[in-house]
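>
Numbering (this note's numbering), first residue to last: 1253 to 1498.
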């Protein structure tokens, strides 16, 4: 059973913390995903076998945490992630998947003393602006202004409700329009068959970010889930690579 904390903003966050040696590894999930996904559970099993501290959690409005998904924004979920990060002792290695990659960039930039390394998986920086808003036609933009929400088809089930607040607040959290500097090693993983996040996005983040040691690995044929056995093994190796540099 998950444990729970209440953030400074009053949101209830569910989490699982595996005790072990530091630096801890913290998994940040994607948009509308939860902490029981394949990648999070694989890393938890690896951490347990390695005696490594590991944390997985749900943003508000996701999974087992409190709140309503439609009420949330990138900034809210970044605050949730920052509160979760304080559950582990000392600096941590963040593993951010999709939206979690964006949020890990925010934490790596804004909390350098707490972030010892970054591993991103199909990172989706600025997706509210460059993905949803840029892809909306005139009718969708008008509906967003009129109704405050539009529903966008998803490959993962029911359509996603995209709110005007999510788009507007996301503009305050963009990371590709201003300097993005990390004082830690960074490993980025990206599949070439990903239809949600393009290879061009990964290359743009690689070109834009600054770090003492930053590398991008492209995996031919891998999709956005990045959860095949060979891909999970690559995530694990990337985490170990970063830990070895700390």
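Glycine residues also receive a C-beta, built at the ideal position from the N, C-alpha and C atoms.
For residue 1320, count the other beta carbons within 10 Å of its own beta carbon; 16 or more makes it buried, fewer makes it exposed. Which is it?
By the 10 Å Cβ count, residue 1320 comes out exposed.
> Should residue 1268 go down as buried or exposed, given a rule of 16 or more other Cβ atoms within 10 Å for buried?
buried
> Using DSSP with H/G/I as helix, E/B as strand and the rest coil, what is residue 1379?
helix
> Does the count of Cβ pairs from the stretch 1392-1407 and the stretch 1464-1471 closer than 8 Å reach three?
no
> Are the beta-carbon atoms belonging to residue 1310 and residue 1348 less than 9 Å from one another?
no
> Go ahead and pull the three-state DSSP assignment for residue 1275.
strand
> So, with DSSP's three-state summary, where would you put residue 1427?
coil
> Strictly by DSSP, which residues pair up with residue 1442?
1470
> Spatial neighbours of residue 1448 within its chain, please: C-beta separation below 6 Å, excluding the five flanking residues on both sides.
For residue 1448, where only same-chain residues beyond five positions count, the Cβ hits under 6 Å are 1476.
> Any chance you could list the alpha helix (DSSP H) runs of at least 4 consecutive residues sitting entirely within the stretch 1326-1383, in chain order?
You should have 1326-1337, 1351-1362.
> Going by DSSP in three states, residue 1284 sits in which element: helix, strand or coil?
coil
> Which residue's Cα is closest to the Cα of residue 1420: 1276, 1326, 1289?
1326
> Can you have a look at residue 1237 and say buried or exposed, based on whether 16 or more other CB atoms are within 10 angstroms of its CB?
Absent from the model: residue 1237. The displayed extent of the chain is 1253 to 1498, so no value can be given.
> I need the boundaries of the beta strand (DSSP E) containing residue 1410, first residue and last residue.
1409-1415
> Going by alpha carbons, who is nearest to residue 1413 out of 1481, 1395, 1423?
1395
> Out of curiosity, what's the CA-to-CA distance linking residue 1416 and residue 1340?
34 Å
> Give the range of the alpha helix (DSSP H) segment to which residue 1396 is assigned.
1390-1399
> Within its chain, find whatever has a CB closer than 7 Å to the CB of residue 1426; leave out the 5 residues flanking it on each side and keep chain order.
1378, 1381
> I'd like the span of the alpha helix (DSSP H) that includes residue 1507, first residue to last.
A query on residue 1507 cannot be resolved here, the shown segment of the chain reaching from 1253 to 1498 and no further.
> When the Cα atoms are used, what is the spatial distance from residue 1369 to residue 1273?
For the pair residue 1369 and residue 1273, the Cα-to-Cα distance works out to about 16 Å.
> Any chance the stretch 1288-1302 sits against the stretch 1483-1491, with 3 or more Cβ pairs inside 8 Å?
yes
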